[in-house]
Amino acid sequence: MTSSVLDLAPVVPVVVLEDAADAVPLARSLVAGGLPAIEVTLRTPAALDAIGAIASEVPDAVVGAGTVISVGQVADTRAAGARFLVSPGWTDRLLDAMRGTGLPFLPGVSTTSEVVALLEHGVTDMKFFPAEAAGGTAYLKSLASPLPRARFCPTGGISAASAPSYLALPNVGCVGGSWMVPADAVAAKDWARVERLAREAAGLRA
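Here the sequence shown stands for residues -6 to 199, numbered as in the working numbering.
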């Protein structure tokens, strides 16, 4: 695996699973569509089981944990089989814990000061969240010149329509989004639709 989450794929699906039984067929559909990096968010009780199932049963997937907000979650997700970590924000303690796993990680930022602070810590790969609410492409474009070492995975409110404008920026490695895993498709177990949407997303980078 690459040492950077930003280089795995142009789009990282952000997945919320209510039922861990959906994890493996969903992951297989995403991988078949060309999106191997999958962020399973820790927003439901099923998340850790879902990460474990994908890690053990879908070898071509690179499953990560999202919405990591505590040191305990860092340990739990690594034990479950997560291969990268994503947080919506960061503290020194959380940063140290994520770094200590040896796994690639993306701490979340939404301000210039947070970016500068992470650069001081030697971290150059970051999640920009919530992307649309925090200034979108115009904000990220304005950071490229004064902070050229910082690279981002913008997430939050991004759609198939807006993703290409993010991916065109020099400081964006990938985007995170959930439009290729719509809740109604998951509920209906329409994995063919998920695969089709994933394939479309995988082809978004110009």
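Glycine is no exception: its CB is placed at the ideal position from the N, C-alpha and C atoms. Keep in mind the model is a prediction, meaning the values are calculated, not measured.
- Rounded to whole angstroms, the separation of the alpha carbons of E113 and A180 is 44 Å.
- The three-state reading of DSSP puts D183 in coil, since its state is none of H, G, I, E or B.
- Take the alpha-carbon of A194 and the one of K120: they are about 19 Å apart.
- Around the beta carbon of R144, 16 or more other beta carbons lie within 10 angstroms, which makes this residue buried.
- In the DSSP assignment, A30 forms a beta bridge with V55.
- Taking C-alpha positions only, E11 is separated from S103 by approximately 28 Å.
- Ranked by Cα distance from G93, the first of G82, V64 and P81 is V64.
- By the 16-neighbour rule on beta-carbons within 10 angstroms, V165 is buried.
- Collapsing the DSSP output to three states places G115 in coil.
- The C-beta distance from V7 to T130 rounds to 18 Å, too long to fall under 8 Å, and the pair is not in contact.
- According to the DSSP assignment, V67 belongs to the alpha helix (DSSP H) that extends over V64 to A73.
- Between V24 and V4, the gap from beta carbon to beta carbon reaches 8 Å or more.
- Between G150 and P123, the C-beta spacing is below 8 Å.
- Non-local beta-carbon contacts of L(-1) in its own chain, meaning distances under 7 Å to residues more than five positions away in sequence, involve D118, R144, C146, G166 and C167 in chain order.
- Residue state for G129 is assigned as helix, using DSSP reduced to three classes.
- Per DSSP, the continuous beta strand (DSSP E) segment holding V168 begins and ends at V168 to G170.
- DSSP lists G170 as the beta-bridge partner residues of P6.
- The criterion of a C-beta distance shorter than 8 Å is not satisfied by A13 and D53.
- Relative to V79, the option among I31, A72, S138 and E188 whose CA is nearest is I31.
- Of the residues Y132, A185 and T60, the one whose Cα lies closest to the Cα of S22 is A185.
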